[in-house]
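Asks: Residue numbers (the working numbering): -12 to 96.
No residue lacks a Cβ here, since even glycine has one placed at the ideal position from N, Cα and C.
In C-alpha coordinates, the structure reads:
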(Lines of atoms letter the chains of each structure in order from A and count residues from 1; the text may use other names and numbers.)
(Lines give C-alpha, C1' and ligand atoms only; values in the text may rest on other atoms or scores of the structure.)
Protein backbone atom coordinates (compact mmCIF):
# COMPACT_ATOMS: atom_id res chain seq x y z
CA UNK A 1 0.00 0.00 0.00
CA UNK A 2 1.22 3.53 -0.72
CA UNK A 3 1.68 5.92 2.21
CA UNK A 4 2.83 9.45 3.02
CA UNK A 5 5.94 10.13 5.08
CA UNK A 6 5.49 12.36 8.14
CA UNK A 7 6.97 15.36 6.30
CA UNK A 8 4.77 14.76 3.24
CA UNK A 9 1.67 14.46 5.43
CA UNK A 10 2.56 17.73 7.17
CA UNK A 11 3.03 19.54 3.82
CA UNK A 12 -0.13 17.97 2.37
CA UNK A 13 -2.13 19.26 5.36
CA UNK A 14 -0.77 22.78 4.74
CA UNK A 15 -1.73 22.43 1.07
CA UNK A 16 -5.27 21.21 1.76
CA UNK A 17 -5.79 23.83 4.50
CA UNK A 18 -5.05 26.67 2.04
CA UNK A 19 -8.26 28.60 1.21
CA UNK A 20 -7.77 28.14 -2.55
CA UNK A 21 -7.87 24.35 -2.12
CA UNK A 22 -11.24 24.08 -0.34
CA UNK A 23 -13.25 21.10 -1.58
CA UNK A 24 -10.30 18.87 -2.40
CA UNK A 25 -10.31 15.60 -0.47
CA UNK A 26 -7.03 14.01 -1.51
CA UNK A 27 -4.44 13.28 -4.16
CA UNK A 28 -5.02 11.38 -7.39
CA UNK A 29 -1.95 9.46 -8.50
CA UNK A 30 -1.46 7.86 -11.89
CA UNK A 31 1.47 5.54 -12.54
CA UNK A 32 2.32 4.54 -16.11
CA UNK A 33 5.16 2.46 -17.51
CA UNK A 34 7.49 4.25 -19.91
CA UNK A 35 9.96 1.62 -21.06
CA UNK A 36 11.83 0.52 -17.93
CA UNK A 37 10.73 3.57 -15.94
CA UNK A 38 7.52 4.55 -14.22
CA UNK A 39 6.07 8.01 -14.82
CA UNK A 40 3.93 9.48 -12.07
CA UNK A 41 1.26 12.15 -12.18
CA UNK A 42 -0.15 13.56 -8.95
CA UNK A 43 -3.03 16.04 -8.78
CA UNK A 44 -5.50 17.31 -6.21
CA UNK A 45 -8.83 15.46 -6.31
CA UNK A 46 -12.32 16.39 -5.21
CA UNK A 47 -14.26 13.19 -6.02
CA UNK A 48 -13.98 9.42 -5.93
CA UNK A 49 -14.43 7.97 -9.42
CA UNK A 50 -16.00 4.60 -10.25
CA UNK A 51 -13.36 1.87 -10.05
CA UNK A 52 -10.97 3.90 -7.91
CA UNK A 53 -8.75 2.22 -5.37
CA UNK A 54 -8.71 4.46 -2.29
CA UNK A 55 -6.09 4.54 0.45
CA UNK A 56 -7.03 6.52 3.55
CA UNK A 57 -4.08 8.48 4.88
CA UNK A 58 -4.88 10.50 7.98
CA UNK A 59 -7.03 13.49 7.03
CA UNK A 60 -7.06 12.73 3.29
CA UNK A 61 -7.39 10.00 0.67
CA UNK A 62 -5.14 8.81 -2.13
CA UNK A 63 -7.10 7.87 -5.26
CA UNK A 64 -5.71 5.59 -7.97
CA UNK A 65 -6.95 3.49 -10.84
CA UNK A 66 -6.43 -0.22 -10.21
CA UNK A 67 -3.32 -0.48 -12.43
CA UNK A 68 -1.66 2.40 -10.56
CA UNK A 69 -2.66 0.86 -7.23
CA UNK A 70 -0.76 -2.34 -8.07
CA UNK A 71 2.26 -0.41 -9.38
CA UNK A 72 2.42 1.76 -6.25
CA UNK A 73 2.32 -1.04 -3.67
CA UNK A 74 5.03 -0.28 -1.11
CA UNK A 75 5.70 3.24 -2.41
CA UNK A 76 6.16 6.26 -0.16
CA UNK A 77 5.19 9.84 -0.97
CA UNK A 78 7.95 12.03 0.43
CA UNK A 79 8.33 15.80 0.56
CA UNK A 80 11.79 16.69 -0.71
CA UNK A 81 13.80 19.93 -0.69
CA UNK A 82 16.78 20.09 -3.06
CA UNK A 83 18.43 23.47 -3.53
CA UNK A 84 15.80 25.94 -4.71
CA UNK A 85 13.31 23.18 -5.57
CA UNK A 86 10.88 21.40 -3.30
CA UNK A 87 7.86 19.19 -3.75
CA UNK A 88 6.27 15.79 -3.41
CA UNK A 89 8.20 12.81 -4.75
CA UNK A 90 7.16 9.18 -5.03
CA UNK A 91 9.85 6.82 -3.79
CA UNK A 92 9.52 3.19 -4.71
CA UNK A 93 11.68 0.14 -4.16
CA UNK A 94 12.58 -1.46 -7.46
CA UNK A 95 11.54 -5.04 -7.91
CA UNK A 96 14.30 -7.57 -8.48
CA UNK A 97 11.94 -9.15 -10.99
CA UNK A 98 11.04 -6.04 -12.97
CA UNK A 99 10.48 -6.40 -16.69
CA UNK A 100 13.77 -4.62 -17.37
CA UNK A 101 15.98 -6.96 -15.33
CA UNK A 102 17.00 -10.48 -16.17
CA UNK A 103 16.92 -12.98 -13.35
CA UNK A 104 19.85 -15.35 -13.45
CA UNK A 105 18.18 -17.43 -10.74
CA UNK A 106 15.03 -18.03 -12.75
CA UNK A 107 12.76 -17.40 -9.77
CA UNK A 108 10.80 -14.45 -11.15
CA UNK A 109 7.23 -15.29 -12.01
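In the DSSP assignment, the alpha helix (DSSP H) including residue 58 goes from what residue to what residue?
Replies: Within the chain shown, residue 58 is the residue found at index 71, counting from 1. Where residue 58 is concerned, the enclosing alpha helix (DSSP H) stretches over 53 to 58.
Asks: Verify whether the separation of the beta carbon atoms of residue 12 and residue 51 is less than 8 Å.
Replies: Along the chain shown, read from residue 1 onward, the residue named residue 12 stands at position 25. Along the chain shown, read from residue 1 onward, the residue named residue 51 stands at position 64. Cβ distance not < 8 Å, so residue 12 and residue 51 don't count as in contact.
Asks: Three-state secondary structure (DSSP) at residue 3?
Replies: Along the chain shown, one-based indexing puts residue 3 at 16. Correct three-state label for residue 3: helix.
Asks: So, helix, strand or coil for residue 9, using DSSP?
Replies: One-based indexing of the chain shown puts residue 9 at position 22. It is coil, neither helix nor strand.
Asks: Excluding the 5 residues preceding and the 5 following residue -6 in the sequence, name in chain order all residues of the same chain whose CB lies nearer than 8 Å to its CB.
Replies: Residue numbering aside, residue -6 sits at position 7 when the chain shown is read from its first letter. Excluding positions up to five away in sequence, the list reads 65, 66.
Asks: What separation, rounded to the nearest whole angstrom, lies between the Cα atoms of residue 6 and residue 14?
Replies: As a working note, residue 6 is residue 19 in the chain shown. As a working note, residue 14 is residue 27 in the chain shown. In a straight line, the C-alpha of residue 6 is about 17 Å away from that of residue 14.
Asks: Assuming residue 62 is part of the beta strand (DSSP E), what are its boundary residues?
Replies: Locating residue 62 in the chain shown gives position 75, where the first residue counts as 1. If you look at residue 62, you'll find it isn't in any beta strand (DSSP E); DSSP assigns it neither H nor E.
Asks: Taking just the CA atoms, how far does residue 70 sit from residue 56?
Replies: Start at 1 with the first residue of the chain shown, and residue 56 comes out as number 69. Start at 1 with the first residue of the chain shown, and residue 70 comes out as number 83. Whole-angstrom Cα-Cα distance: 31 Å.
Asks: Determine the extent of the beta strand (DSSP E) in which residue 77 is found, giving its start and end residues.
Replies: Walking along the chain shown from the start, residue 77 turns up at place 90. 72 to 78 is the span of the beta strand (DSSP E), which, as asked, contains residue 77.
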